[in-house]
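Converting from the sequence shown to the numbering used here requires adding 97 to each position, the first position being numbered 1.
The beta carbon of each residue, even a glycine, is placed where N, CA and C say it ideally should be.
These notes concern the structure reproduced below.
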Amino acid sequence: MITEQGSSISGTNSTAPELFKSELFKKEIAAYKEKIDQKLAGPEAFSLLSKLSAYPFMRSYASAYLDYCRGGKRIRAFLAAVGYGLCRNAEIDDSIITPSLAFELFQSGILIHDDIIDNSPLRRGKPSMHVTLGDGETGRSKAICVGDIGMILASDIILGSDFPEAIKTRALSLFNKVMAFTLAGELKDVELSDAEAYTQGEILDMYVLKTAWYTFTGPLLFGATLAGAGEDMMRALEQFGSDAGIAFQIKDDIIGIFGNEEVIGKTNLSDVCEGKRTILTCHFLKTASEPQLQEFRQVYGKKDANADDLLKVRTLLENAGSRRYAEDIMLRHLEKARASVHAMPVDEHYRMLLTGMIEYLGNRLY
């Protein structure tokens, strides 16, 4: 990281090979992930989730939630720390760790709900929360409540951090905006699931709300808010986050159909069974022939779709050029994100870190 105010780590510059920048990003996110995992394993996290400890039955749910929080890439907490460090033009210090944890608690809450909506049995290679808590109506009802508690306590952890009250108030307001936008994106996703026709614009709006704001834009702006960033930097980070988030979600959609289940840690049939609306399917419905459309509609959205159905969907999307089209849109947004980074007035180390993240996003397998 930065060795002292305003000076970059030795030997880093914008002409470094892209592979080096990607490895730099992976190395630093791994180091921050270790800190977050330690925090989640410590007494502070359990105490946070056990505020209702006067009621002993809550302890098992707190333990289940913390176990569910384990795993994951920690990209949101890390980007909150990056937004904080780059706007201070200084090394990331430990004061940001506790408030950045709010994004991990919120993410787990929203993923619990997402798994219920999608009827997904696996998350991060483990049973989803509603399966852990009994599956069926009772398991789903319990999981909804547990997810709600986790998201509420995410706000609480911000208020308990060691920042001035006025700054925490601004950060909490921003965090609430992120939660509202994310839930609005989830609502749009559900709305589109019943739509006979939909546009690429609607899909992209959903990506910005559901993915960009809570994975990239929100965490970066949150950290920047805690660092006291000005409006110009906030706008630059928002533009970067929007493009990075769209690219991230398109890659997710591609992985959801074409990825390896053992690598991604969950079934790759869920998007097919759900009939998920994506850039891939939007392009396919506009360009496919009538026989292709009929074949697609027979399997896409089929609740008991199997491996043969998945193979059929993959073949249809490939043959119609939908996968290539989605990849081209993804690369276009990655290029826009890269241009935003190069235009930012930030320390070279952070420029390399964000550029490395862009390389990682385009090449990730899960």
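Boundaries of the alpha helix (DSSP H) in which residue i is found, first to last residue
i, result
"residue 427", "419-440"
"residue 357", "Counting along the chain, residue 357 falls outside any alpha helix (DSSP H), and DSSP gives it neither H nor E."
"residue 388", "387-396"
"residue 313", "Element bounds for residue 313: n/a, residue is neither H nor E."
"residue 307", "Per DSSP, residue 307 belongs to no alpha helix (DSSP H) and is neither H nor E."
"residue 275", "262-290"
"residue 247", "233-256"
"residue 296", "Looking at the DSSP string, residue 296 is not in any alpha helix (DSSP H), and its letter there is neither H nor E."
"residue 162", "155-166"
Residue i in three-state terms, based on DSSP
i, result
"residue 374", "coil"
"residue 173", "helix"
"residue 462", "coil"
"residue 218", "coil"
"residue 140", "helix"
"residue 196", "helix"
"residue 409", "helix"
"residue 104", "In this predicted model, residue 104 has a pLDDT of only 31, less than 50, meaning its place in the structure is not dependable enough to derive any value."
"residue 223", "strand"
"residue 403", "coil"
"residue 206", "helix"
"residue 230", "coil"
"residue 341", "helix"
"residue 327", "coil"
"residue 443", "coil"
"residue 189", "coil"
"residue 134", "helix"
"residue 416", "helix"
"residue 259", "coil"
"residue 456", "helix"
"residue 129", "helix"
"residue 366", "coil"
Residue i burial status per 10 Å Cβ neighbour count (16 or more: buried)
i, result
"residue 365", "buried"
"residue 233", "exposed"
"residue 277", "exposed"
"residue 359", "exposed"
"residue 383", "exposed"
"residue 107", "Low confidence applies here, because residue 107 scores a pLDDT of 32, under 50, leaving its location unreliable and the question unanswered by this model."
"residue 356", "buried"
"residue 394", "exposed"
"residue 131", "exposed"
"residue 332", "exposed"
"residue 439", "exposed"
"residue 169", "buried"
"residue 287", "exposed"
"residue 420", "buried"
"residue 327", "exposed"
"residue 442", "exposed"
"residue 408", "exposed"
C-alpha distance - residue i paired with residue j, whole-angstrom precision
i, j, result
"residue 264", "residue 322", "7 Å"
"residue 161", "residue 201", "15 Å"
"residue 413", "residue 387", "12 Å"
"residue 211", "residue 198", "20 Å"
"residue 205", "residue 173", "11 Å"
"residue 163", "residue 228", "16 Å"
"residue 259", "residue 324", "13 Å"
"residue 247", "residue 203", "6 Å"
"residue 69", "residue 437", "This structure cannot settle anything about residue 69, because the visible part of the chain is limited to 98 through 463."
"residue 140", "residue 158", "16 Å"
"residue 175", "residue 137", "14 Å"
"residue 432", "residue 316", "21 Å"
"residue 314", "residue 305", "9 Å"
"residue 373", "residue 342", "18 Å"
"residue 312", "residue 369", "24 Å"
"residue 337", "residue 428", "14 Å"
"residue 270", "residue 385", "45 Å"
"residue 455", "residue 380", "24 Å"
"residue 464", "residue 391", "Residue 464 is absent from the structure shown; the chain starts at 98 and stops at 463."
"residue 367", "residue 221", "14 Å"
"residue 218", "residue 243", "17 Å"
"residue 253", "residue 215", "28 Å"
"residue 165", "residue 371", "23 Å"
"residue 459", "residue 153", "46 Å"
"residue 177", "residue 123", "16 Å"
"residue 283", "residue 303", "8 Å"
"residue 187", "residue 231", "47 Å"
The stretch 415-424 contacting the stretch 331-351, beta-carbon criterion three pairs below 8 Å: yes
Stretch pair the stretch 287-298 + the stretch 230-240: three plus CB contacts closer than 8 Å: Touching, no, given that fewer than three Cβ pairs across the two stretches are closer than 8 Å.
At least three beta-carbon pairs within less than 8 Å, the stretch 176-189 to the stretch 305-323: yes
The stretch 440-453 touching the stretch 395-414, judged by at least three CB pairs closer than 8 Å: These segments do not touch.
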